[in-house]
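Counting from 1, position 105 in the sequence shown corresponds to residue 237 in this note's numbering; the numbering is continuous, with no gaps.
Quick notes on the structure that follows.
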Amino acid sequence: MSSSSPSLARDTHAGHSAQRLTGRVAVVTGASSGIGAATARRLAADGAAVALLGRRAERLRALADELGPTTTAPILLVTTDLADPKAIDTAARTITATLGPADLVHVGSVAGHSLYPGWSVCCATKSAVAHLTRNLRAELGPRGVRGKNIEPGVTVTELGHDMRDISMQTSLPRMRTDLRPLTAEDIAGTIAFAVSVPAHVNGAELVVVPVQQG
Ligand SMILES: NC(=O)c1ccc[n+]([C@@H]2O[C@H](COP(=O)([O-])OP(=O)(O)OC[C@H]3O[C@@H](n4cnc5c(N)ncnc54)[C@H](OP(=O)(O)O)[C@@H]3O)[C@@H](O)[C@H]2O)c1
Numbered sequence: 133m134s135s136s137s138p139s140l141a142r143d144t145h146a147g148h149s150a151q152r153l154t155g156r157v158a159v160v161t162g163a164s165s166g167i168g169a170a171t172a173r174r175l176a177a178d179g180a181a182v183a184l185l186g187r188r189a190e191r192l193r194a195l196a197d198e199l200g201p202t203t204t205a206p207i208l209l210v211t212t213d214l215a216d217p218k219a220i221d222t223a224a225r226t227i228t229a230t231l232g233p234a235d236l237v238h239v240g241s242v243a244g245h246s247l248y249p250g251w252s253v254c255c256a257t258k259s260a261v262a263h264l265t266r267n268l269r270a271e272l273g274p275r276g277v278r279g280k281n282i283e284p285g286v287t288v289t290e291l292g293h294d295m296r297d298i299s300m301q302t303s304l305p306r307m308r309t310d311l312r313p314l315t316a317e318d319i320a321g322t323i324a325f326a327v328s329v330p331a332h333v334n335g336a337e338l339v340v341v342p343v344q345q346g
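Structure follows, in structure tokens:
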């Protein structure tokens, strides 16, 4: 997830039972924290095999140890730096060989649509995620592959904890206290819903915001 991008494999029909994702494969980038960790927990609970990706191996190990006893589906730990193209290729090969092929759910942001002074680069990357997903839909839809972009609003996670800009260090916490923010579990629930609809349905773009964010 440079755009944190949980992805789910095998575009097969899934029902709505408690284990509605049994037989599916989820590849969760950024699984060591925030939205990714919550998504890994939720998709594992719904029966999917889950690959956990991130750089902090100890976090991924702790999550794998937590999830392992709760599911009969495989939990695969893949410590990797997704800023490294070779590492991405290696991770993809490892996952495909171990769990099977994956297709993609992107996590963008409302910042891909809205104007946030001081966040220009972030907003531009989120717009790129949105349009990349649309174009992938056009390219891959005819082959039966769904692409979708979930766009969260203000969500409480570790995002921003390493920001160096002083004004950002104060403005981000204020965004989270000026309203009732979303939790990572709120986004994970949306992703679980999005991947569980019948195979001929694609909820292609989902904006999920705190009510007070408007
Ligand atoms: N929180 C919000 O309000 C909000 C709103 C809209 C959109 N989003 C988007 O949602 C996504 C997830 O954010 P979050 O809020 O869950 O943030 P977070 O808690 O900071 O999680 C970010 C995750 O990305 C992983 N990551 C970062 N760089 C990586 C790299 N080079 N290689 C592999 N993994 C890397 C981190 O793992 P390691 O450090 O272990 O590598 C971590 O697990 C982001 O794309 C964010 O822009 C968040």
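Cβ coordinates follow ideal geometry from the N, Cα and C atoms, glycine included.
May I have a chain-ordered list of the beta strand (DSSP E) segments no shorter than 3 residues that lie completely inside the region 248-333? 280-284
For ligand 1, any of its heavy atoms closer than 7 Å to the Cβ of D178? no
L199 and V160 look like a contact to me (Cβ under 8 Å); what is the Cβ gap, rounded to whole Å? Contact flag wrong, Cβ pair sits at about 11 Å.
Are the beta-carbon atoms of A243 and W251 separated by less than 8 Å? yes
For I298, count the other beta carbons within 10 Å of its own beta carbon; 16 or more makes it buried, fewer makes it exposed. Which is it? exposed
If we ignore side chains and look at the alpha-carbon of each, how far apart do M295 and Q301 end up? 6 Å
Can the beta-carbon of L208 be found less than 8 Å from the beta-carbon of R193? no
If we count the other Cβ atoms within 10 Å of its Cβ and call it buried at 16 or more, is D178 buried or exposed? buried
Confirm the yes/no value for this check: CB of R275, any heavy atom of ligand 1, distance under 7 Å. no
For the structure I just gave you, are there three or more beta carbon pairs, one from the region 311-320 and one from the region 264-271, closer than 8 Å? no
Please confirm whether H175 and A163 have their CB atoms less than 8 Å apart. Rather than His, the amino acid found at residue 175 in this sequence is Leu. Not in contact: L175 and A163 (Cβ atoms no closer than 8 Å).
Taking 8 Å as the cut-off, does the region 334-343 touch the region 269-279 (at least 3 CB pairs, one atom from each stretch)? yes
May I ask whether a heavy atom of ligand 1 can be found less than 7 Å away from the beta carbon of A196? no
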